[in-house]
Structures are given as C-alpha cells and as structure tokens.
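Participant:
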Amino acid sequence: MDAKETIQLIAFGGFFLFVALPLLGGSMWLLNSPSATTGDAISLLEGAVVPWWTGLAQAAPLLFVLIVGILVWAGADEVLG
Numbered sequence: 084m085d086a087k088e089t090i091q092l093i094a095f096g097g098f099f100l101f102v103a104l105p106l107l108g109g110s111m112w113l114l115n116s117p118s119a120t121t122g123d124a125i126s127l128l129e130g131a132v133v134p135w136w137t138g139l140a141q142a143a144p145l146l147f148v149l150i151v152g153i154l155v156w157a158g159a160d161e162v163l164g
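Okay, structure coming up:
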C-alpha cells in the first residue's frame, strides 16, 4: 500500500468513525422509536454533522501540521501526483 492509499484510508476511516457511525446509530434509534418526529430526524443530522465541523475547526492547526508531516514523510510528489 503506497502513501496515497494510506492517506485515503485514514480519511475514509475518520469520516466513517466520526460521521457515518453516529448517523447510522441515530437512524436505527429513529426507525425503532414509536414516536419519532421530523424534528428528531433534523436533530439527528445536526448532532452528527455539527460537532464534526466544530471539532475540525478547533483541530485545524493540529490537522495542518499532521497533513504537512504526512506529505513530507510520504513525499509530496507521490501523494499529490
């Protein structure tokens, strides 16, 4: 597995862990709930997406350093090319 595939796997894994799994878990709760409303569904979407974006904004400096470190380690031409 080359560096580009590793970075793609990390990005997919992060999305799956922080967005897809909470969204799927909440969706299962909505499907099994006898009194779920449209407001519950909207709240589920906000609950899955908003904390992810907020956390990303707070972690942006660290993520930038991490991404630059990965690009330097892997060789930017291999990853970007």
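Convert by adding 83 to the 1-based position in the sequence shown; the result is the number in the numbering used here. All residues carry an ideal CB built from backbone N, CA and C; glycine is no exception. Note that this is a predicted model, so its numbers are computed, not measured.
1) Can you name, in chain order, every residue of its own chain whose Cβ lies under 7 Å from the Cβ of A131, other than the five neighbours on each side?
2) What are the boundary residues of the alpha helix (DSSP H) that T89 is part of?
3) Over the uninterrupted alpha helix (DSSP H) stretch that includes A142, give me the two end residues.
4) Using 8 Å for Cβ pairs, my map puts L127 next to L113. What's the rounded Cβ distance?
Facilitator: Considering the structure as presented:
1) V102, P105, L106 and G109
2) A86 to F98
3) No alpha helix (DSSP H) holds A142; DSSP gives it neither H nor E.
4) 6 Å
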